[in-house]
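Only one structure is covered here, and it is reproduced in the block below.
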Amino acid sequence: MENPLGIKRFGPLTFYVKDAQSEAERLATMLGMNLAYVPSGTEQIFGVEANDVLFILDGTPQAAALAAQYGNHVSEIGLRVENSRAALEAAAKRTTEQTRLCESTGVGYLRSPHDGEIQFRFIEDGQVPYRGLKKNERASAVITYPFQRIDHIVVNTQAIKPVIAFMQDVFGMKKVNEFTIRVENDEFLASLYSEVMGIYGTEQAVLFPVNEPLAGDSVSQIPAQLREVGRSHAQHIALATDNIIDSITTLRGRGLGFLEFRNDEHAKHYYEDVPKRLGKISVEEALETLRRLGILVDKCGQGYLLQLFSKRMFPEKSVPFVEIIQRASDVIGCFGDGNFAALAEALEHSMRQEAKS
Ligand SMILES: [Fe+2]
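Just so we're aligned: 364 in our numbering is position 249 of the sequence shown, and the numbers increase by one with no gaps anywhere.
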């Protein structure tokens with residue numbers, strides 16, 4: 116498959132935050148990550164790491180000002196490439212969007228056409244992730260982390276066409292899936308249209324489901340989240356694990372909240388329907404354990420996938436949040452129709468619960 120920029124896998128993710136140190140410490144504790152990077156000077160910038168997942172918390176004045184305006188948010192999505200300069204030059208030829216190279220770090224930046232101004236960063240293995248950071252010599256050693264790497268990042272936008280076109284034209288991504296979700300019940304309407312854009316990088320797949328509201332829907336979660344943030348944004352970050360039962364148990368113990376079924380009856384039906392959804396595919400994990408932990412199960416090719424979505428990462432806004440995902444399938448880009456709808460419903464329920472409290 117075409118890979119014009121030499122993308123290998125996802126790279127570091129940068130968040131603009133109001134208070135970098137307290138957010139870095141809080142996320143490290145709540146997500147079981149290591150406070151791996153601290154400021155090399157007086158700048159408010161930190162990095163938390165778990166295996167191949169690196170979150171940079173940027174609270175420098177300009178970043179903090181944007182976080183005050185839009186809430187703490189994902190500002191940059193890193194892509195690991197063979198050669199950052201070559202990737203940037205190739206990207207520049209394929210787009211009219213602004214590109215620049217940071218001379219001191221060799222990291223390339225590409226502005227995306229999202230109105231949210233999420234940037235992409237092209238970074239090589241071994242490159243300093245960010246100016247102003249140094250390794251934290253006093254980082255406490257964590258033996259096992261609850262996840263290994265980023266599986267996908269979901270983007271919410273008012274109109275997906277320009278975003279999709281950008282990912283196709285610049286990154287050489289292809290549409291690997293699409294969903295139209297519309298669930299209406301006595302409590303709410305959950306609706307969205309999503310196209311999953313992806314590229315099989317030389318080391319891992321890089322996947323971006325891109326959501327837009329369905330025409331005529333101004334009330335459900337995607338338009339609500341767009342209003343809340345005020346622009347396009349990364350809605351959730353999916354983190355891959357080899358053992359979701361251990362991961363969820365650990366993360367719950369660390370205080371991360373997860374979305375729940377709207378009532379026991381709904382949960383009961385969901386797990387009773389698992390054999391119907393999966394057909395002949397057998398699930399290795401005990402269904403009772405998955406049910407106790409609220410983990411979602413769906414078909415994926417000839418295998419299956421297990422997922423669970425967290426509540427908010429930062430106290431003040433409903434996005435971004437994380438997803439923990441375990442893939443037991445040889446199909447890389449599948450998401451599971453049933454789970455897409457289950458997430459949409461769980462989010463609507465959670466929004467209403469919060470509005471009541
Ligand atoms: Fe997801």
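We put the beta carbon where it would ideally sit given N, CA and C, even for glycine. Note that this is a predicted model, so its numbers are computed, not measured.
When the distance is taken between beta carbons, is GLN340 closer than 8 Å to SER433? By 1-based counting over the sequence shown, the position of residue 433 is 318. By 1-based counting over the sequence shown, the position of residue 340 is 225. Yes, the Cβ-Cβ distance between SER433 and GLN340 is below 8 Å.
CB LEU371 to CB MET148, shorter than 8 Å? The sequence position of residue 371 within the sequence shown is 256, counting from 1. The sequence position of residue 148 within the sequence shown is 33, counting from 1. No. Outside cutoff.
Do you know how far the Cα of LEU421 is from the Cα of ALA143? Taking the first residue of the sequence shown as position 1, residue 143 is located at position 28. Taking the first residue of the sequence shown as position 1, residue 421 is located at position 306. Rounded to whole angstroms, ALA143 to LEU421 spans 24 Å at the Cα level.
Of all residues in the structure, which have a C-beta closer than 6 Å to any heavy atom of ligand 1, taken in chain order? Near ligand 1, meaning a beta-carbon closer than 6 Å to one of its heavy atoms, we find HIS267, VAL269, HIS351, ALA353, GLU438.
Label VAL189 either buried or exposed according to how many other C-beta atoms from any shown protein chain fall within 10 Å of its C-beta, with 16 as the threshold for buried. Along the sequence shown, one-based indexing puts residue 189 at 74. Classified as buried, VAL189 has 16 or more neighbouring CB atoms from the shown chains inside 10 Å of its CB.
Inspect the beta-carbon positions of GLY247 and GLU138 and report whether they are closer than 8 Å. The sequence position of residue 247 within the sequence shown is 132, counting from 1. The sequence position of residue 138 within the sequence shown is 23, counting from 1. Cβ atoms of GLY247 and GLU138: not closer than 8 Å.
Within this structure, are the beta carbons of ALA305 and VAL311 separated by less than 8 Å? Along the sequence shown, one-based indexing puts residue 305 at 190. Along the sequence shown, one-based indexing puts residue 311 at 196. With respect to VAL311, ALA305 sits apart: the two C-beta atoms are not nearer than 8 Å.
Using a Cβ-Cβ cutoff of less than 8 Å, which residues in the same chain neighbour ILE122 once the five nearest sequence positions on both sides are dropped? For the purposes of this step, residue 122 is taken as residue 7 along the sequence shown, with counting starting at 1. So the list reads LEU194, ARG195, VAL196, ALA202, PHE286, ILE314, GLY316, THR317, VAL321, once near-sequence residues are dropped.
Which residue wins for smallest C-alpha separation from ALA165, given the options ALA256, PHE237, ALA183? The residue labelled residue 165 in the question sits at position 50 within the sequence shown. Residue nearest to ALA165 within the set ALA256, PHE237, ALA183 is ALA256 (criterion: CA-CA distance).
Identify the residues that DSSP records as bridge partners of CYS415: which are they? Along the sequence shown, one-based indexing puts residue 415 at 300. For CYS415, which the question treats as bridged, DSSP gives the partners GLY418.
From the DSSP output, which residues share a beta bridge with ASN149? In the sequence shown, counting from the first residue as 1, residue 149 sits at position 34. Listed as beta-bridge partners of ASN149 by DSSP are GLU164.
Measure the C-alpha to C-alpha separation of PHE294 and ALA457 and round it to an integer number of angstroms. One-based indexing of the sequence shown puts residue 294 at position 179. One-based indexing of the sequence shown puts residue 457 at position 342. Taking the straight line from one Cα to the other gives about 13 Å.
When the Cα atoms are used, what is the spatial distance from GLY368 to PRO261? As a working mapping, residue 368 is identified with position 253 in the sequence shown. As a working mapping, residue 261 is identified with position 146 in the sequence shown. Taking the straight line from one Cα to the other gives about 11 Å.
Jot down the residue ranges of each uninterrupted beta strand (DSSP E) in the stretch 426-465, minimum 3 residues, whole runs only, in chain order. The beta strand (DSSP E) runs of length 3 or more contained entirely in the stretch 426-465 are, from start to end of the chain, 436-443.
Span separating the alpha-carbon of LEU354 from that of ARG377: Locating residue 354 in the sequence shown gives position 239, where the first residue counts as 1. Locating residue 377 in the sequence shown gives position 262, where the first residue counts as 1. Roughly 24 Å separates the two Cα atoms.
Are the Cβ atoms of ILE352 and VAL437 separated by less than 8 Å? By 1-based counting over the sequence shown, the position of residue 352 is 237. By 1-based counting over the sequence shown, the position of residue 437 is 322. Contact flag set, yes.
Helix, strand or coil for GLY368? Go by DSSP, reduced to three states. Position 253 of the sequence shown, counted from the start, is the residue given in the question as residue 368. Correct three-state label for GLY368: helix.
The stretch 125-141 in contact with the stretch 177-185 per 3-pair CB rule at 8 Å: Counting C-beta pairs closer than 8 Å gives three or more between the stretch 125-141 and the stretch 177-185, which meets the contact rule.
Backbone secondary structure at VAL222 - three-state DSSP: Here residue 222 refers to the residue found at position 107 of the sequence shown. Look at VAL222 here: in three-state DSSP terms it is coil, with no helix or strand label.
Less than 6 Å between C-beta atoms, sequence neighbours within five positions excluded: which residues of the same chain meet that for ILE440? Working through the sequence shown from its first residue, we reach residue 440 at position 325. Excluding the 5 residues flanking it on each side, ILE440 has same chain C-beta neighbours closer than 6 Å at ASP266, ALA353, ALA355, GLN422, in chain order.
For LEU402, which of TYR224, VAL389, GLU218 has the nearest alpha-carbon? Position 287 of the sequence shown, counting from 1, holds the residue named residue 402. The shortest C-alpha separation from LEU402 is found at VAL389.
Near ARG346, what residues of its chain come up, given a Cβ to Cβ distance below 6 Å and the 5 sequence neighbours on each side ignored? If you number the sequence shown from 1, residue 346 lands on position 231. Contacts found: ASP230, GLY231.
Cβ neighbours of SER234 in the same chain (closer than 6 Å, five flanking residues each side left out): Along the sequence shown, read from residue 1 onward, the residue named residue 234 stands at position 119. Sequence check: residue 234 is Gln here, not Ser. Only GLU191, TYR224, ARG226 meet the Cβ criterion.
CB of ARG236 within 8 Å of CB of LEU216, strictly: Looking up residue 236 in the sequence shown gives position 121. Looking up residue 216 in the sequence shown gives position 101. ARG236 places its beta carbon 8 Å or farther from that of LEU216.
Per DSSP, what are the beta-bridge partners of ARG215 in this structure? On the sequence shown, position 100 is the one that residue 215 refers to. Bridge partners of ARG215 according to DSSP: TYR224.
What is the residue span of the beta strand (DSSP E) that ALA256 lies within? By 1-based counting over the sequence shown, the position of residue 256 is 141. Taken as a continuous stretch (DSSP letters only), ALA256 belongs to no beta strand (DSSP E), as it is neither H nor E.
Would you mind working out which of GLU302, ASP332, ASP301, SER465 sits nearest LEU374, comparing C-alpha positions? Residue 374 sits at position 259 when you count from the first residue of the sequence shown. With distances taken between Cα atoms, LEU374 lies closest to SER465.
If we require 3 or more residues per run, which beta strand (DSSP E) segments fall completely within the stretch 296-369? Inside the stretch 296-369, DSSP marks whole beta strand (DSSP E) runs of 3 or more residues at positions 304-315, 320-327, 348-355, from first to last along the chain.
Rounding to the nearest angstrom, what Cα-Cα distance links GLU302 and CYS449 in this structure? To locate residue 302, count along the sequence shown from 1; it is residue 187. To locate residue 449, count along the sequence shown from 1; it is residue 334. Spanning the two alpha carbons is a distance of roughly 29 Å.
Use the C-beta contact count for PRO435: other C-beta atoms within 10 angstroms, 16 or more gives buried, fewer gives exposed. The sequence position of residue 435 within the sequence shown is 320, counting from 1. That one is buried.
I'd like the span of the beta strand (DSSP E) that includes PHE235, first residue to last. Here residue 235 is taken as the residue at index 120 of the sequence shown, counted from 1. Element bounds for PHE235: 234-238.
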